[in-house]
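A short write-up of the structure that comes next.
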């Protein structure tokens, strides 16, 4: 109201609550706030570190006599009061209501309560009769309605009502602690019932507060998409490729996806689940972002994605597809564009069959995707697994594993080691002299173009399975690879390709849902049509919102003197994952 | 048998790397009473300097020299500029300040070299494998690491037990006030000891480069194990650091290699592997707890 009617040039900054605002005010981070006298009064009186501009009550406050009232300050139309009232169910007999009213009013006026607890904290005791209270509420509602109009706020979700309900509950609770009369009044259940039944009233107060809590959304501002990804450490290039491809996809369409201007907010999770979760919380709360993507590692996804989904947001995965979210715990607003983790490794198992390997030594890091990897490999591999070894996700030295591999003398080695892990593993594999003796059959995660460049000649002849390769001959892919090489001067990895596909899928869903994610059902319907030209060609969603797609065999070969991944043959066609049947949505 | 020998060598190799780090850490703590969390950063600095020079010049000797020089120079600069002010302060202040250094160096390296890991190629004559026993090839470079680590250990022994500087260091560790009272320039000694510790950490970093990837944060990964070594071997004792490092290196490697296999005898294979991997990574810490239970001051207490 200050801003709209009095045309003050002020910016609203959201804080968690007064305990955060007051220090910020003292530190001159913000220059003014609205606060209860209980919180700010001491700083105005005692140290004089804050200046009272006005008090929002009919008369000056006794302990702050120098501070004018709002009316005196020229804002007579404003009435920023909060109030507490006691409600009973609509059917309560009038006699009981008036008895409770008398007792409560008497208790409130008792000097022990009024003078010690209420008045010094800026409360005025009324203890009004039911009829007067009803009239007061009507008047107050009219005032709040005006405020809502002025702010332009609207109902967005049920969350507002729930939050306001909690607010009211806590207010009653704190009063109860100070005022013994509550123990004699009706139990909490009564009040709860009343508050829920009068949901309209509760929502009204919540919305009055909403313009303070939510930054106003300007018309035409770009849709913000939260990108939580791994940019540092040995897995850092994976996230960097995903981020670059997302930005590229928007740039190729004039900063739009599905006709909607978008803005990507990118943050580094450093491969730490807790950090990913924190970023998600911050994006949800401070930036009001509803749409997320970017996570590379399944353990980060396991922590961050539920945060997003529980808050009513949408997560579209551009890499991680852990098994625990593919089956029984699948979620309506969770989509995977890349693959279900097992699929990638099932394809490697199928490739090992084709290569005729009978005894294979398998390794993966001990985390969700690593366990999915070995499960997936074993699902389609028909030979014998000689050893099954779990390495650590932060491991850098694989000497012990190399010795085990040598001792086991398998036909081939399969290992799932994304990013820098794979580079370290394959280099040490070469140093240990295993390269010439035991062949490797790898999922794309362990051998992408960056691994290839870092490992060098040691990679020649290695067999790889993947759902995509940069040499795929379809128009969409040629366009993507050319644009990516032009802009970033390097060959895209499949992390980039998946992120690019993710951007296209989000664009298609946004177009179908009217350009917003406000209606998640409409967004979901549009997303599941998969109405976008995928760079991998064949793509559609299965019943658990994970892809059904083809898998290919690649081989590291020399092309014009340079080592490159070359597509050889199709291994699996229209391959779905093993968990789709358990998903009920 | 051949497998066991190979795993033992792997354990020794991890052990000597840990020793190089732990020696500096334990000296600094024993003599100056400073807990230096930034020790891992010196390891990282040595690795990055060597990797960068190797990529620019292709010379092994230049890379080695620059890695050592960078770590030692920055180590002494840290001592001179910052740690000096902290000797008299509480351990908490030291931990806070050196933790700040970790953040500072990690960010600094990120700005200079980016977040992508660097990879160091080995020169031809180090990159192959030799047969240590018939049918058991072992990477030459890892043998070189073992040899270099043992040589450094020997050198340190001579330095500390047989030279005047070593005498001062030993005296500083046990009777700090007396050394000062006898007119020794204790400040210079501190700077030298810190520089020596930094040099050893840098050396460990230089040698680790070609085996592991050189990336931001590599120091923190290994620092935790290094602290375990220092605690097991007794704070301030070089001999303790040596034995502690070998013990931790071998135990860690053997547990990783054999626990899953042993568990396979009693349970389902994939569960055994998963549980075994978990147990193996706990093993070193259990070892530390056990040692502290039996000998609360570590295996080789420096202060009698």
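Chains as they are written, first to last, in my numbering: chain R, 223 to 807; chain C, 785 to 1088.
For every residue, glycine included, the Cβ atom is placed at its ideal position computed from N, Cα and C.
Sequence-distant partners of residue 468 of chain R (beyond 5 residues in either direction) whose C-beta falls short of 6 Å from its own C-beta, in its chain, are 486, 721 and 725. Contacts between residue 791 of chain C and chain R, judged by CB atoms closer than 7 Å, involve 622 and 625 in chain order. The DSSP-derived three-state label of residue 613 of chain R is strand.
Annotation for residue 755 of chain R: 698 place their beta carbon closer than 6 Å to its own, counting only its chain and skipping 5 residues before and after. Below the 7 Å Cβ cutoff, chain C contributes 1057, 1058 and 1061 as neighbours of residue 612 of chain R, in chain order.
In the structure shown, residue 563 of chain R adopts helical secondary structure according to DSSP, grouped into three states.
Nearest C-alpha to residue 1059 of chain C among R:588, R:445, R:564 and R:582: R:588. For residue 827 of chain C, there are no C-beta contacts with chain R under 8 Å, since the nearest C-beta of that chain is about 12 Å from it. The Cβ atoms of residue 833 of chain C and residue 854 of chain C sit closer than 8 Å to each other. 8 Å or more divides the Cβ of residue 723 of chain R from the Cβ of residue 518 of chain R.
Between residue 848 of chain C and chain R, the shortest Cβ-Cβ separation is not below 8 Å. Residue 915 of chain C: member of the beta strand (DSSP E) spanning 913 to 917, first to last residue.
Rounded to whole angstroms, the separation of the alpha carbons of residue 233 of chain R and residue 336 of chain R is 37 Å. Residues of chain C with a Cβ closer than 9 Å to the Cβ of residue 668 of chain R do not exist; the shortest Cβ-Cβ separation is about 15 Å. Here DSSP, grouped into helix, strand and coil, assigns residue 841 of chain C to helix. In the DSSP assignment, residue 875 of chain C falls within the alpha helix (DSSP H) that extends over 875 to 897. In this structure, DSSP gives residue 485 of chain R an extended state, which the three-state scheme calls strand.
Using a Cβ-Cβ cut-off of 8 Å, residue 871 of chain C does not count as an interface residue toward chain R, since no Cβ of chain R sits closer than that to its own. From the beta-carbon of residue 901 of chain C, the residues of chain R found nearer than 7 Å are 456 and 642. Inter-residue distance for residue 735 of chain R and residue 479 of chain R is about 12 Å (C-alpha atoms, whole angstroms). Residue 248 of chain R is not a Cβ neighbour of residue 255 of chain R, given a cutoff of 8 Å. The C-beta of residue 646 of chain R has 16 or more other C-beta atoms within 10 Å across all chains shown, which makes the residue buried.
The Cβ-Cβ distance between residue 801 of chain R and residue 590 of chain R does not fall below 8 Å. Residue 673 of chain R has a beta carbon lying at 8 Å or more from every beta carbon in chain C. By the neighbour-count definition (other C-beta atoms within 10 Å, threshold 16), residue 803 of chain R is an exposed residue. Comparing alpha carbon positions, the residue from C:837, C:816 and C:1004 closest to residue 904 of chain C is C:837. In this structure, residue 814 of chain C lies away from residue 981 of chain C, with their beta-carbon atoms at least 8 Å apart. Taking the Cα of residue 882 of chain C as reference, the smallest distance to any Cα among C:942, C:867 and C:816 is reached at C:867. Across the set R:778, R:679 and R:622, the C-alpha of R:778 shows the shortest separation from the C-alpha of residue 664 of chain R. At a cut-off of 8 Å, the C-beta of residue 1019 of chain C has no neighbouring C-beta in chain R.
Under the DSSP assignment, residue 961 of chain C falls in the alpha helix (DSSP H) whose first and last residues are 960 to 965. In the DSSP assignment, residue 784 of chain R falls within the beta strand (DSSP E) that extends over 784 to 797.
Here residue 780 of chain R carries a strand assignment [DSSP, helix/strand/coil]. Residues of chain C whose Cβ lies closer than 7 Å to the Cβ of residue 646 of chain R are, in chain order, 996 and 997. Contact check for residue 457 of chain R against residue 598 of chain R fails: the beta carbons are separated by 8 Å or more. Taking the C-beta atoms as reference points, residue 495 of chain R is found no nearer than 8 Å to residue 448 of chain R.
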